[in-house]
């Protein structure tokens, strides 16, 4: 769906960024295939990965609640700076046991993350790589995840720590930002607050999807 919307908008890109996780890479492939732009350079960055849920990784919602209690789970999932329990290094889910991360120092690998610490790994990528690309005049497409995207829009839109935990970004819907020379977003008439960027597609349907994401977290 995202690829179809991008194709209909006739957007073109000079470079792509994505995480090293399969679902984001596949999303990017679909978008580039449907827009006939699979030839553009793609930079895969672990810093765009989804937030690491530590000891909750591999547990579905019901099992997590049964193990830790609903109140704690809600705090971990919806607070800005409280991470879940750390993952044991012997776990199959520990990044240090995955060849994707073999080039990274152990100190860089998360055992658990809050939205705050997720933002702290995303923002250096923004400052050091993405901003220079934009300032060089490149149109970028970024295929990432709910929380790594939250980190980016928190910075772009100046959203508070509290409000960012309530922001729901629907999956599979392109979110478009146009930036001025100071890297500030130019407000769009179809923007859904607190964002200044806009979603491509049927705006009423998008609002319903945002509410659907919100209801999933209750």
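Residue numbers (full-length UniProt numbering): 1 to 218. All C-beta atoms in this analysis are idealised placements derived from N, C-alpha and C, irrespective of residue type, glycine included. No experiment lies behind these values; they were computed from the predicted model shown.
Own chain residues within Cβ distance below 7 angstroms of residue i, not counting five before or after
| i | result |
| --- | --- |
| residue 187 | 196 |
| residue 89 | 96 |
| residue 154 | 119 and 164 |
| residue 93 | 57, 58 and 87 |
| residue 131 | 183 |
| residue 201 | 5 and 173 |
8 angstroms contact criterion, which residue i and residue j should meet: CB distance rounded
| i | j | result |
| --- | --- | --- |
| residue 111 | residue 58 | Actually they do not touch by this definition, with Cβ atoms about 14 angstroms apart. |
| residue 163 | residue 194 | 6 angstroms |
Rounded straight-line distance, which links the Cα of residue j to that of residue i
| i | j | result |
| --- | --- | --- |
| residue 75 | residue 82 | 7 angstroms |
| residue 91 | residue 80 | 25 angstroms |
| residue 145 | residue 209 | 16 angstroms |
| residue 206 | residue 142 | 19 angstroms |
| residue 69 | residue 116 | 23 angstroms |
| residue 181 | residue 135 | 8 angstroms |
| residue 140 | residue 66 | 42 angstroms |
| residue 46 | residue 204 | 34 angstroms |
| residue 137 | residue 165 | 32 angstroms |
| residue 217 | residue 167 | Because residue 217 carries a pLDDT of 49, less than 50, the predicted location of this residue cannot be relied on, and no value is offered for it. |
| residue 152 | residue 63 | 31 angstroms |
| residue 105 | residue 190 | 43 angstroms |
| residue 16 | residue 50 | 17 angstroms |
| residue 157 | residue 133 | 20 angstroms |
| residue 11 | residue 150 | 23 angstroms |
| residue 23 | residue 87 | 22 angstroms |
| residue 212 | residue 72 | 22 angstroms |
Contact under 7 angstroms by Cβ, residue i with residue j
| i | j | result |
| --- | --- | --- |
| residue 5 | residue 174 | yes |
| residue 185 | residue 177 | yes |
| residue 113 | residue 52 | yes |
| residue 84 | residue 56 | yes |
Contacts around residue i, its chain only, beta-carbon distance under 8 angstroms, and the 5 residues preceding and following it disregarded
| i | result |
| --- | --- |
| residue 25 | 18, 19, 44 and 143 |
| residue 199 | 170, 173, 174, 175, 176, 190, 192 and 206 |
| residue 34 | 3, 4, 6 and 7 |
Same chain, Cβ closer than 6 angstroms to residue i, five either side skipped, listed in chain order
| i | result |
| --- | --- |
| residue 95 | 101 and 109 |
| residue 2 | 31, 172 and 174 |
| residue 148 | 48 and 122 |
| residue 41 | 15 |
| residue 21 | 49 |
| residue 159 | 194 |
Cutoff 7 angstroms: residue i Cβ touching any chain B Cβ
| i | result |
| --- | --- |
| residue 113 | No chain B appears in this structure, which consists of one protein chain only. |
Any non-hydrogen atom of the ligand ADP within 6 angstroms of residue i CB
| i | result |
| --- | --- |
| residue 125 | The model depicted lacks the ligand ADP and carries no ligand whatsoever. |
(message) Just to confirm the assignment: which complete alpha helix (DSSP H) runs, minimum length 4, are found wholly within the segment 102–186?
(response) 115–125, 131–135, 146–157 and 161–164
(message) Which runs of the alpha helix (DSSP H) at least 4 residues long sit entirely within the segment 19–70? Give them in chain order.
(response) 22–34 and 61–68
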